[in-house]
Amino acid sequence: MEKNIKQQTSRTPVQELTKMGVIAALYIAITLAVAPVGFGPIQFRLSEMFNYLALFHKRYVIAVTIGVVIVNFFSPFGLIDVVVGGLSTFLVLVISRAATKRMKNLKAKMVVMAAIVVVSMFTIAGQIYFISEEPESFWFMYLTIAGGQLVSMTIGGVIIYIVNKKIDFSK
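So the sequence shown is numbered by our numbering: it starts at 7 and just counts up by one.
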């Protein structure tokens with residue numbers, strides 16, 4: 007009996023790391039699959055759907071952040087995109103978890119999170135505006151990035167909502 011308890015306990019960190027690794031890898035793979043539009047003033051990252059997983063379990067805050075950090079090494083904006091994108095993602099996921107903590111309705115949680123994520127795109131627009139040689143205004147970049155994020159989060163939200171009916175992401 008004691009041996010059985012030890013085996014279950016020792017497997018838990020491996021299972022957690024595996025789940026985190028799978029999500030980080032999926033984030034990277036999906037972002038790179040649309041790489042031309044995954045970076046820059048006009049962005050579409052379907053991989054942003056994985057942000058919703060942070061609503062189900064805190065491990066996904068780290069998993070998605072790691073995915074963003076790694077994939078941003080491929081960004082044309084270099085290390086600054088790694089730092090700004092990684093910090094922005096981490097903070098948005100933590101804020102979204104806190105803002106929806108007492109909410110019971112999953113759809114409402116997802117709408118709140120999508121709004122937080124879309125509004126937060128000022129960080130990415132600001133980063134690109136300040137380091138880019140693109141002539142677009144900050145507001146143009148903010149609107150295109152936030153718009154792309156809204157589309158990504160809407161499509162991704164539907165996917166995550168449906169998949170969650172088959173796979174319990176909270177476990």
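By construction, the Cβ of each residue, glycine as well, lies at the ideal position given by its N, Cα and C atoms.
Sequence ranges, alpha helix (DSSP H) only - wholly within the stretch 27 to 114, length at least 4:
41 to 44, 65 to 77 and 85 to 106
Local conformation of residue 175 per DSSP, three classes:
Taking the first residue of the sequence shown as position 1, residue 175 is located at position 169. Of the three classes helix, strand and coil, the one that applies to residue 175 here is coil, per DSSP.
Give me the Cβ distance between residue 173 and residue 151, rounded to the nearest whole Å; I'm assuming they're in contact under 8 Å.
Here residue 173 refers to the residue found at position 167 of the sequence shown. Here residue 151 refers to the residue found at position 145 of the sequence shown. With a Cβ gap of about 30 Å, residue 173 and residue 151 do not count as contacting.
Within this structure, are the beta carbons of residue 45 and residue 94 separated by less than 8 Å?
Walking along the sequence shown from the start, residue 45 turns up at place 39. Walking along the sequence shown from the start, residue 94 turns up at place 88. Cβ atoms of residue 45 and residue 94: not closer than 8 Å.
Measure the alpha-carbon distance for residue 113 versus residue 160 and round it to whole angstroms.
Walking along the sequence shown from the start, residue 113 turns up at place 107. Walking along the sequence shown from the start, residue 160 turns up at place 154. Spanning the alpha carbons of residue 113 and residue 160 requires a straight line of approximately 11 Å.
Mark residue 27 as exposed unless 16 or more other C-beta atoms lie within 10 angstroms of its C-beta, in which case mark it buried.
One-based indexing of the sequence shown puts residue 27 at position 21. The residue is exposed, with fewer than 16 neighbouring Cβ atoms inside 10 Å.
Nearest to residue 104 by CA position, among 54, 33, 60 and 158, is which residue?
Stepping through the sequence shown from its first residue, residue 104 is reached at position 98. With distances taken between Cα atoms, residue 104 lies closest to 60.
For a quick check, are the C-beta atoms of residue 56 and residue 34 less than 8 Å apart?
Mapped onto the sequence shown, residue 56 falls at position 50. Mapped onto the sequence shown, residue 34 falls at position 28. No, these two residues do not count as a Cβ contact at 8 Å.
Closest residue to residue 163 among 117, 125 and 127 (Cα-Cα distance):
Position 157 of the sequence shown holds residue 163. For residue 163, the nearest C-alpha among the options comes from 117.
Apart from the five residues just before and just after residue 169, which ones in its own chain have a Cβ nearer than 6 Å to its Cβ?
If you number the sequence shown from 1, residue 169 lands on position 163. Excluding sequence neighbours, residue 169 sits near nothing in its chain.
Taking Cβ to Cβ, would you say residue 66 is nearer than 8 Å to residue 166?
Walking along the sequence shown from the start, residue 66 turns up at place 60. Walking along the sequence shown from the start, residue 166 turns up at place 160. No, these two residues do not count as a Cβ contact at 8 Å.
CB-CB under 8 Å to residue 92, same chain, minus the five flanking residues each way: which ones, in chain order?
In the sequence shown, the residue the question calls residue 92 occupies position 86. Hits under 8 Å: 71, 74, 75 and 78.
Using the Cα positions of residue 148 and residue 36, report the straight-line distance between them to the nearest angstrom.
For this step, residue 148 is matched to residue 142 along the sequence shown. For this step, residue 36 is matched to residue 30 along the sequence shown. Spanning the two alpha carbons is a distance of roughly 23 Å.
Ignore the nearest five residues each way along the sequence and tell me which others in residue 43's own chain have a CB closer than 6 Å to its CB.
Looking up residue 43 in the sequence shown gives position 37. Cβ neighbours of residue 43 within its own chain (closer than 6 Å, five residues either side excluded): 50.
Applying the 10 Å Cβ sphere with the 16-neighbour rule, what's the burial state of residue 106?
By 1-based counting over the sequence shown, the position of residue 106 is 100. Its Cβ being crowded by 16 or more others within 10 Å, residue 106 is buried.
Taking all protein chains shown into account, do 16 or more other C-beta atoms lie within 10 angstroms of the C-beta of residue 5, making it buried, or fewer, making it exposed?
Residue 5 is absent from the structure shown; the chain starts at 7 and stops at 177.
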